[in-house]
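For the sequence shown, our numbering begins at 845 and goes up steadily by one. A virtual CB, placed ideally from N, CA and C, is assigned to each residue, including glycine. Read through the structure below, which is laid out as structure tokens, and then see the notes.
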Amino acid sequence: MLRRELLLAGLGAAALPSMAAAASAAWPSRPIKLIVPFPGGSSPDIVARALADPLSKALNQTVIIDNRPGAGGNIGTAAAAFAPPDGSTFLFTIQGPLVTAPLLNLRLPYEPQRDLLPVSLVASSPNVLVVDPKPGANDLAAFVRVAKQAKGGLNYGSVGLGSAAHLAMESFKSRAGIALSHVPYAGFAQVVQALLNGEVQAAFMVPGLAMPQVRAGRLKALGVSSLGRVAALAELPTLAEQGFAGFEAISWQAVLAPAKTPAAIVEKLAAALQAIIRSDDFRNRLLTHYFSAIGSSPEGLAQQMRSDRQHWGQIIKAIGLKPE
């Protein structure tokens, strides 16, 4: 009897790979959910919704955007990380919950490298350094002079400690040798209002939020934080070409899967994403929102996460931020 049970168990174990392969071959057999851990209208939400329709067509399956905002993206990221790894749920997010959150939050319920599988990078954009034009900072050099001469110093806004906007400005402050006081806000809408009201004098912001205010003459854009100029903002010089060689603080967005999602599903989704990202239609659609379409292999995304974690980890250590 024991030999018979062992034989049956062995046959069952041998069947598992073929069952997994069959399930992967049939994927997707039901609607796909993209969890976006930020609210509707946010930058990742805009790109995720631009992706949903072509991805639905490519996979011949409905793609649903599921916004799960809260805790700087950590709530939705945890929900995706611990979703069933059956190919029905994926994460669409920016780098914050993947890169800086593990460096600053000791109680984070997930570990990106353990609980999530990289699938592909999708989009990137620089941050735009915007200032209140009233103090007379017409270019980057003038802003640095104004900041150094201001009695009592100037303030800058961000969406919280450890956010991309916060770390970008802290990095710039260090390079420029200026003192700016940090004022955190709940969201970029509040940062914009604070700039317009004169509560803060500067901020790094995503172009989609910054440029309407700049083109209306209410804010002044001093440059972009990418190493090279970007097509959608070709009129703006980089900070690197204005005396801050090598300065870079870009935002990127990517798709990840819960750990243990079958490799065949990850590969099939990555291939579908690459085809969409290469298409002129998707690229042009992102350009209208100031994003560049970028793709990668799963390993390429993993390498981006490792590199950014090391880079921003050094910045966090240099400015004395302690994990809590």
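- With a contact defined as Cβ atoms closer than 8 angstroms, L1083 and G1067 qualify at about 5 angstroms.
- Across the structure, S900 and A981 are spaced so that their CA atoms are roughly 47 angstroms apart.
- Counting C-beta pairs with one atom in each stretch, the region 1128 to 1141 and the region 975 to 994 have fewer than three that are closer than 8 angstroms, which means they do not touch.
- In the three-state scheme derived from DSSP, where H, G and I count as helix and E and B as strand, A927 is classed as coil.
- Here I908 is exposed, its C-beta having fewer than 16 other C-beta atoms within 10 Å.
- Partner residues in a beta bridge of Q1158, as assigned by DSSP, do not exist.
- By the 16-neighbour rule on beta-carbons within 10 angstroms, D976 is buried.
- In the DSSP annotation of this structure, P1102 is not part of any alpha helix (DSSP H); the continuous beta strand (DSSP E) holding it starts and ends at I1094 to P1102.
- In the DSSP assignment, F1048 falls within the unbroken beta strand (DSSP E) covering A1046 to M1049.
- Nearest in C-alpha terms to G1061, of all of P1167, A1078, L1039 and G916, is L1039.
- Excluding residues up to 5 positions away in sequence, G1006 and W1156 lie with their Cβ nearer than 6 angstroms to the Cβ of T944 in the same chain.
- Counting other Cβ atoms within 10 Å of its Cβ, L950 stays below 16 and is therefore classed as exposed.
- Per the coordinates, the alpha-carbon of P929 lies some 12 angstroms from the alpha-carbon of I876.
- Annotated as distal: P1142 and L895, with beta-carbon spacing of 8 angstroms or more.
- Cβ neighbours of L1145 within its own chain (closer than 8 angstroms, five residues either side excluded): P962, V963, S964, L965, A1098 and L1100.
- Rounded to whole angstroms, the Cβ separation of A1107 and A902 is 19 angstroms, and the two are not in contact under 8 angstroms.
- For the set L973, A994 and G1139, the Cα lying nearest the Cα of F1016 is the one of L973.
- G885 and A1030 have their C-alpha atoms spaced approximately 15 angstroms apart.
- Using a Cβ distance threshold of 8 angstroms, V1003 and P1028 count as a contacting pair.
- Residue burial annotation: G916 is buried, with at least 16 other C-beta atoms found within 10 angstroms of its C-beta.
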